[in-house]
Amino acid sequence: MNFKLNILTLLTATVGAAQVNFTNPDEGAVVSFQTTAIEPKETKTEGSPYFDENFKYGQVLINGKVKTIGNLRYNAANSEIELQKGDKEYSAVLKRNYISARIDDKLYKLYPYLDDSNNETTRIGYFIPLNEGKVKLLYKPEKKLRRGRTGATNYDRTVPPRFIDISDYYIQKEEEPATKIYLRKKYFYDLLGKENIKDFIKENDIKPFKEEDAIKLMQFYNNNIL
-5 MNFKLNILTL LTATVGAAQV NFTNPDEGAV VSFQTTAIEP KETKTEGSPY FDENFKYGQV
55 LINGKVKTIG NLRYNAANSE IELQKGDKEY SAVLKRNYIS ARIDDKLYKL YPYLDDSNNE
115 TTRIGYFIPL NEGKVKLLYK PEKKLRRGRT GATNYDRTVP PRFIDISDYY IQKEEEPATK
175 IYLRKKYFYD LLGKENIKDF IKENDIKPFK EEDAIKLMQF YNNNIL
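Numbering (the working numbering), first residue to last: -5 to 220.
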């Protein structure tokens, strides 16, 4: 598939790597916006590390301002924004909290979050923010590679490794690390306070298991409770 790459601010790239310097007004210094060459691997797996393997027109933003445009896609297994460099070459956008990307009208931004297996461990990953305000509902598109299994005998089935969808929702309160949440009434009560939202849920027939209703609930909380 042939995509035209239109990069306004990238410098001349070599086959191995490309690097662009921007001035970060928040830091008052030049920062490095670097892409590294990625070699596609021929691995026999089921599924894909992408929710959409096609590169699409997108924007790379520095501190919320567009600095680069081009063909982008999100690698949900590696948690990386990939930038197309040619028909078969692509690079990974450097992970910095002031660098984000917009792909197909979805904003991918780095947020700190608590590890689900250890609530004392904070990690950084890409999320799609679903609302604005001090308290945000975040969607974390994610896949992982599940190990395969080789049959011990001719009668045992060989199972190849495969990518599985492990996407989740999180809530972030101001600058705190985001916490995983299930889209159920009980979890919103626990995190936002039952007394704050129960009347709104009842009067407006809000069904938090629906993403659009969960967003309405977050908007109400930010606009009327905080």
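Just so you know, even glycine gets a beta-carbon here, dropped at the ideal spot from N, CA and C.
Keep in mind the model is a prediction, meaning the values are calculated, not measured.
Identity of the residue in 87, 208, 136 and 42 nearest residue 64 by Cα: Closest by C-alpha distance to residue 64, out of 87, 208, 136 and 42, is 87.
Contact under 8 Å by Cβ, residue 116 with residue 106: A contact, by the Cβ cut-off of 8 Å.
Nonlocal neighbours in the same chain, by C-beta distance under 7 Å from residue 209, ignoring five residues either side: Closer than 7 Å at the Cβ level, and outside the excluded window around residue 209, lie 124, 125 and 131.
For residue 208, the three-state DSSP class (helix, strand or coil): Of the three classes helix, strand and coil, the one that applies to residue 208 here is helix, per DSSP.
Minimum C-alpha distance to residue 42 - residue among 113, 155, 201 and 185: Nearest option by C-alpha distance: 155.
Residue 26 to residue 220 span [Cα, whole Å]: In this prediction, residue 26 has a pLDDT of 37, which is less than 50 and means its spatial position is unreliable; nothing more can be read from the coordinates.
Given 8 Å, three or more beta-carbon pairs between the segment 49 to 65 and the segment 85 to 100: Contact between the segment 49 to 65 and the segment 85 to 100 is present, because at least three Cβ pairs lie under 8 Å.
Other residues of its chain near residue 84: CB distance less than 7 Å, five sequence neighbours each side excluded: Cβ neighbours of residue 84 beyond the five flanking positions: 32, 76, 77 and 78.
Cβ neighbour criterion (16 or more within 10 Å) applied to residue 54: Looking at its Cβ environment, which holds 16 or more other Cβ atoms inside 10 Å, residue 54 is buried.
Residue 181 and residue 175 closer than 8 Å at C-beta: In this structure, residue 175 lies closer than 8 Å to residue 181 by Cβ.
Local Cβ density within 10 Å of residue 73, reported as buried at 16 or more and exposed below that: Answer is buried; the Cβ neighbour count reaches 16.
Residue 113 (DSSP reduced to helix, strand or coil): Note: residue 113 maps to strand in three-state DSSP.
Identified DSSP bridge partners for residue 167: Residue pairing from DSSP places residue 167 in a beta bridge opposite 129.
Pairwise C-alpha distance: residue 211 and residue 223: An answer regarding residue 223 cannot be provided, because it is not within the stretch -5 to 220 covered by the chain.
Separation of residue 165 from residue 186, as counted between CA atoms: Per the coordinates, the alpha-carbon of residue 186 lies some 10 Å from the alpha-carbon of residue 165.
Limits of the unbroken beta strand (DSSP E) element including residue 63: Note, residue 63: beta strand (DSSP E), 59 to 69.
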